[in-house]
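A short worksheet on the structure shown next.
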Amino acid sequence: MRLWFEPITIEMLNHRGLNTMTDFLGIEFIEIGDDYLKARMPVTAKIKQPLGIVHGGANVVLAETLASVAANCVVDQARQYCVGLEINANHIRAVSENYVLGVTRMLHIGKSTQVWQVDIMNEQQQLTCVSRMTAAVLNR
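Count along the sequence shown from 1, then add 6; that gives the number in the working numbering.
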């Protein structure tokens with residue numbers, strides 16, 4: 007079953023992030039499924055911490071980007087919008103090169119809140135971070 011309120015394209019999703027933190031970190035949406043969104047983020051010096059691995063905060067930016075965009079794609083954006091209310095992350099495996107890939111899926115969609123799971127993996131599809139974000143659904 008398709009979750010999205012109206013049709014969306016990868017180009018639309020990537021355009022929304024121009025000149026934002028998403029753009030600065032190089033996050034790009036790469037796949038849209040009926041019930042998930044997938045994006046990737048290049049592992050560059052911008053997102054590394056002093057030990058040379060991906061900074062946990064960069065994982066959280068990727069997770070919140072995916073979950074927030076997905077949350078907004080589920081509502082009628084002429085009447086409502088969604089913002090992050092709470093986010094957590096468990097960092098499981100270090101990454102030091104290439105890309106990290108994030109996939110978000112809905113856990114709950116209610117009238118005033120949504121909950122999204124984000125799994126972040128390395129290029130070998132090994133889980134590197136698990137995040138969960140709660141979004142508030144607000145009226146315009």
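Think of the CB as a built atom: it goes at the ideal place given N, C-alpha and C, for glycine as much as any other residue.
Burial of THR110 is indicated by the presence of at least 16 other C-beta atoms within 10 angstroms of its C-beta. Rounded to whole angstroms, the gap between the alpha carbons of GLY39 and GLN55 is 32 Å.
Check the Cα spacing between ARG146 and each of ASP125, GLN83 and VAL136: the tightest is with GLN83. Going by DSSP, GLU92 is part of the beta strand (DSSP E) stretching over 86 to 97. Contact between the region 51 to 65 and the region 14 to 24 is absent, with fewer than three C-beta pairs closer than 8 Å. Ranked by Cα distance from THR134, the options LEU113, HIS61, THR119 and TRP122 are led by HIS61. Between the C-alpha atoms of ILE98 and ASN65 there is a straight-line separation of about 11 Å. For GLY108, the enclosing beta strand (DSSP E) stretches over residues 105 to 115. Listed as beta-bridge partners of CYS135 by DSSP are HIS97 and ILE126. In this structure, the alpha-carbon of GLN123 lies about 24 Å from that of LEU24.
Residue nearest to LEU9 within the set ARG22, VAL136 and VAL80 is VAL80 (criterion: CA-CA distance).
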